[in-house]
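When we follow this note's numbering, the leftmost residue of the sequence shown carries the number 32, and every step to the right adds one.
Only one structure is covered here, and it is reproduced in the block below.
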Amino acid sequence: MGSFLKGHDEIENRSHFEERKRLKIFPLFKRRKPMVRTYKRKTERGKISKEVYEKAAAFSEEDISKEDKTKHRKKQNSHNLIFGNVCRYVTYNITLVESVKIPEGGLICFACWVHTRRTIQQQGIIAAPAVMNMNACVWCRRSLAQTRSHSIPEGPERTIITQTIYPREIPPGGLVCYACWVAARRNVEHATRVEDNRQGPSNLHQDSMCAWCRMSLHRRRTHVASGPVRDEVAARIYPNELPEHALLCSNCWTRAHENIEMEQEVVQFDIQPPSASITLDGFTHTTQTSTHCFVPACNNVERNRVPEYLRRIILKSEKIFVTENARVCNEHKCLYNWEFLDQHQFSNTFTKNEIESMLKLSIQDNEINQLDFNNMSSIDEGLFKFWTGITKDNFINILNVISPALTCKNQKIALGIYLVKARTGDSHERIASLFHLTKSSITRLLRVAKEALLRVVSCLLRVTCASKEALPYAIKTIKSRVNNFRNNAK
Numbered sequence: 032m033g034s035f036l037k038g039h040d041e042i043e044n045r046s047h048f049e050e051r052k053r054l055k056i057f058p059l060f061k062r063r064k065p066m067v068r069t070y071k072r073k074t075e076r077g078k079i080s081k082e083v084y085e086k087a088a089a090f091s092e093e094d095i096s097k098e099d100k101t102k103h104r105k106k107q108n109s110h111n112l113i114f115g116n117v118c119r120y121v122t123y124n125i126t127l128v129e130s131v132k133i134p135e136g137g138l139i140c141f142a143c144w145v146h147t148r149r150t151i152q153q154q155g156i157i158a159a160p161a162v163m164n165m166n167a168c169v170w171c172r173r174s175l176a177q178t179r180s181h182s183i184p185e186g187p188e189r190t191i192i193t194q195t196i197y198p199r200e201i202p203p204g205g206l207v208c209y210a211c212w213v214a215a216r217r218n219v220e221h222a223t224r225v226e227d228n229r230q231g232p233s234n235l236h237q238d239s240m241c242a243w244c245r246m247s248l249h250r251r252r253t254h255v256a257s258g259p260v261r262d263e264v265a266a267r268i269y270p271n272e273l274p275e276h277a278l279l280c281s282n283c284w285t286r287a288h289e290n291i292e293m294e295q296e297v298v299q300f301d302i303q304p305p306s307a308s309i310t311l312d313g314f315t316h317t318t319q320t321s322t323h324c325f326v327p328a329c330n331n332v333e334r335n336r337v338p339e340y341l342r343r344i345i346l347k348s349e350k351i352f353v354t355e356n357a358r359v360c361n362e363h364k365c366l367y368n369w370e371f372l373d374q375h376q377f378s379n380t381f382t383k384n385e386i387e388s389m390l391k392l393s394i395q396d397n398e399i400n401q402l403d404f405n406n407m408s409s410i411d412e413g414l415f416k417f418w419t420g421i422t423k424d425n426f427i428n429i430l431n432v433i434s435p436a437l438t439c440k441n442q443k444i445a446l447g448i449y450l451v452k453a454r455t456g457d458s459h460e461r462i463a464s465l466f467h468l469t470k471s472s473i474t475r476l477l478r479v480a481k482e483a484l485l486r487v488v489s490c491l492l493r494v495t496c497a498s499k500e501a502l503p504y505a506i507k508t509i510k511s512r513v514n515n516f517r518n519n520a521k
């Protein structure tokens, strides 16, 4: 039996047709196998009971009307005309032949459906299944069964989607996935931004974009364009106008500051006047060089820095200012007499810095008592040896030897003046001005120191007579003692 049977026990007191319809029994119209064999096979499988089979077999095919058979066949061999390429093709063909509109829920037979599909494929029209048009994204054609969807309302987003899927069209009730909807919104914003940039800076985006490089300021450090920075940025983005409350990214703000500083340095360098200079008739100065000794025509290779005391001495005695960068050799560093410098020509044109340095040097010379033998720690070691010719230790040793023979209170000053006189050979007036004493005081101190030294020397030599036999021996002894004294002094 080719029928599909479903039933139960309650089939009494009903008409045969209603009972058959209630049990949903739809027998095949062409019976291929006898019922007995079908009954035996199905009873063996245990699918239906014998009672149900006998009651169902009592109904004949004549009980089913032809109308029901035709209706059942139509349902099996018909197709719905859902919106799509097939619907448009069928509508176009029946409109040409007969002015008939397809009713809502219209059906076509299977043969016409197959013919229409084959014709559409031959014409190169891609006909997607009707179900996919409703359950797939209009843009990317991906299924919307397990993803978030979005409707397509009227607006710029719908226009963007229509332009993208051309020549396809958006069906009524068409949907797009969320990713395609975000892409459409992004394309709309980009098109709006491009249009605003063509017309000028937009007030809508000025707070979220750098006024100079037009980069997004999202999650970036910003600065307000004000003052000289605003003028610099306005000049850079000309002919575009700079908004009132424009913002800059950190890179553009730093670059604007650097440009302003460079321009200021160039302007200051251009407008800086040449250094003022003045000519002094009574003073001269050495050259500003450290490659050789400041003494002209000196070929010595030593290049020692000139001590301040030596610079003060040369300035005071010869009125020649030795610059700070000048160098001196070992030979000229130990000299006392600098009168030979008058034979050379030095420049008498001074700059502002040279005049200031010369004044500072002269002020220090007046404030410091250079040769205060009572306070020997205040005298520089080099300056002490320059004036006396010996070191401080040798000076103290000599003072300890001759102190019993000195008959004055200022024994250190008396010995120091005598050594300066023996070293330099200057007059009493010049030595008096150096020690800030009177000429008579200098004369008295020199006499006292000389007598004390003679007594000590005579005691050391132990020369008690000046006989002819002892004189050569005494002279030889004096020479040896003098040489020893000089060696110790050096």
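Beta carbons are placed, not taken as given, at the ideal position from N, Cα and C, and that holds for glycine.
Taking a contact to mean a Cβ-Cβ separation below 9 Å, would you say residue i touches residue j in this structure?
i           : j           : result
residue 326 : residue 363 : yes
residue 260 : residue 291 : yes
residue 328 : residue 375 : yes
residue 138 : residue 168 : no
residue 392 : residue 441 : no
residue 316 : residue 389 : yes
residue 188 : residue 216 : yes
residue 394 : residue 369 : no
residue 321 : residue 267 : no
residue 452 : residue 460 : no
residue 417 : residue 447 : no
residue 372 : residue 345 : yes
residue 444 : residue 486 : no
residue 212 : residue 249 : no
residue 319 : residue 356 : yes
I need the DSSP call for residue i, collapsed to helix, strand or coil.
i           : result
residue 352 : strand
residue 324 : strand
residue 138 : strand
residue 463 : helix
residue 431 : helix
residue 381 : strand
residue 316 : strand
residue 475 : helix
residue 337 : coil
residue 422 : coil
residue 409 : helix
residue 149 : helix
residue 451 : helix
residue 388 : helix
residue 523 : Because the chain is modelled from 32 through 521, residue 523 falls outside the range shown and cannot be assessed.
residue 359 : strand
Taking residue i as the reference, which of the options has the closest Cα?
i           : options            : result
residue 313 : 347, 336, 337      : 347
residue 438 : 483, 416, 452, 454 : 483
residue 173 : 209, 279, 324      : 209
residue 191 : 221, 456, 227      : 221
residue 278 : 293, 294, 295, 251 : 251
residue 466 : 481, 479, 353, 449 : 449
residue 195 : 219, 177, 422      : 219
residue 280 : 309, 244, 263      : 244
residue 404 : 387, 142, 430, 293 : 430
residue 387 : 353, 478, 377      : 353
residue 309 : 411, 382, 265      : 382
residue 361 : 337, 355, 379      : 337
residue 455 : 478, 468, 421, 472 : 421
Given that a residue counts as buried once 16 or more other Cβ atoms are within 10 Å of its Cβ, and exposed if not, what is residue i?
i           : result
residue 78  : Note that residue 78 has pLDDT 49, beneath the 50 cutoff, so the model's placement of it is unreliable and the number below is only indicative. So residue 78 ends up on the exposed side.
residue 272 : exposed
residue 365 : exposed
residue 62  : Its pLDDT being 46, under 50, residue 62 is placed unreliably by the model, and nothing is read from it.
residue 269 : exposed
residue 340 : buried
residue 240 : buried
residue 419 : buried
residue 495 : With a pLDDT of only 45 at residue 495, under the threshold of 50, the placement of this residue in the model should not be trusted, and no figure is reported.
residue 413 : exposed
residue 242 : buried
residue 147 : buried
residue 141 : exposed
residue 480 : buried
residue 55  : The pLDDT assigned to residue 55 is 49, lower than 50, so where the model puts this residue is not dependable; a value taken from the coordinates is nonetheless given after this. Looking at its Cβ environment, which holds fewer than 16 other Cβ atoms inside 10 Å, residue 55 is exposed.
residue 14  : The shown model of the chain, from 32 to 521, leaves out residue 14, and the question about it has no answer.
residue 171 : exposed
residue 490 : exposed
residue 225 : exposed
residue 264 : buried
For residue i, verify whether its CB is less than 8 Å away from any heavy atom of the ligand NAP.
i           : result
residue 283 : Absent from the structure shown: the ligand NAP. Ligands present: none.
### Query
Could you give the uninterrupted runs of the alpha helix (DSSP H) lying entirely in the region 239-313, keeping only those of 4 residues or more?
259-267, 281-302
### Query
Whole alpha helix (DSSP H) runs in the region 176-220 with 4 or more residues, listed along the chain?
187-196
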